[in-house]
Structures are given as structure tokens and as C-alpha cells.
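If you read the sequence shown in this note's numbering, its first letter stands for residue 2, the second for the next number, and so on.
Inspection log for the structure reproduced underneath, given as C-alpha cells.
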Amino acid sequence: MKIAIINGPNLNLTGLREPSIYGIVSFDQLLTTLAIQFPGVEFLYFQSNIEGEIIDKLQETGFSCDGILLNAGGYTHTSVAIGDAVRAITSPVIEVHMSNVFAREEFRHTSFVAPHARGIVAGFGMESYLLAIRAFTEKTA
């Protein structure tokens, strides 16, 4: 099984940025944990602060991966183009957020990704990624 994790802007600072919202675990640490907990899964990891690069990665991986976890960060709420890219690919996508976006600012309540995603996992910190991966590995997504 091959799962891509695609993260958007500012998520490269996870572990350092606003630990009260995003925690103290980095994505390098998460990837180590994933390799141990899901030995039969090949993980592809990508992060960019640039909208077009995220779209390119969705198009690159979106026809060959068994699943994609997409945390588009702030682009979730602003990027019609990322939503269109998710709609255009065949790999199932789960929208992931570490924070509960619905308990935050009103503008975060809108997602251009969600209408095209298999599902959404939000509000559980890094555990959101683990829950989404379980949905793919247990064939619930």
C-alpha cells in the first residue's frame, strides 16, 4: 500500500509553531512513528508553502497512490484550484487538520477540498493523521 501525505503552508513549522494548537511533534518524528506502526505501508511525504506545487504533487501522486492525506493548511479555505485538483484525480483523498477548524475563526469553516474528499479528520493533533491512515489501511475510506 502506498499513501501520500501532502501538507500545505506553514506545516513545515509543526513542532515549533503555536504548540498549543499544533503540538510539539515534528513531521520527521511522525514519519518515524508511521514507519513503525504501519510497516506494510510506503509513505510519500511532501510539504510546500506554494499552492501550485501542492497541485503538482496531487497530480503526480493522484493516479498511483492507494490514498492521499491532504492538509492544505490555509489553502483549504481559499484555493478553488486545490479543490479542483482533488476532484480531478482518482486516488481517494482524506482531508486532515490537526486543529478543529470548526472551533476556530469563521473563515476556516469553509473547505474547497471537502466536497471532493472521501472524508475529513480534524481536531486530534498529529493523531488526525494516524486516524486517517487507519481509514485507508482498514479499508473504511
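No residue lacks a Cβ here, since even glycine has one placed at the ideal position from N, Cα and C.
Sequence-distant residues of its chain with Cβ nearer than 7 Å to residue i (five each side left out)
i: ARG109; result: HIS78, VAL102
i: ALA118; result: VAL87, VAL94, ILE95, GLU96
In DSSP terms, what residue i is bridged to
i: LYS3; result: GLU43
i: HIS110; result: Paired residues: none, contrary to the question.
i: GLU96; result: LEU71, ILE121
i: GLN48; result: ASN8
Cut-off 8 Å between Cβ atoms - residues of its own chain near residue i, not counting five sequence neighbours on either side
i: THR91; result: GLY63, PHE64
i: GLY16; result: TYR23, GLY24, ILE25, VAL26, SER27, PHE28, GLN30
Top-ranked residue by Cα proximity to residue i, from the options
i: GLY124; options: GLU139, ASN72, PRO116; result: ASN72
i: MET127; options: PRO40, HIS98, SER112; result: HIS98
i: TYR76; options: ILE51, ALA5, PRO40; result: ILE51
i: ILE56; options: ILE7, MET2, GLU106; result: ILE7
DSSP three-state assignment for residue i, whether helix, strand or coil
i: GLY124; result: coil
i: ASN72; result: strand
i: ILE37; result: helix
i: GLU61; result: helix
i: GLU139; result: coil
i: ASN8; result: strand
Proximal residues to residue i (C-beta, below 6 Å), its chain only, five neighbours per side dropped
i: LEU35; result: PHE44
Distance CB(residue i)-CB(residue j) smaller than 8 Å
i: ASN11; j: GLY53; result: no
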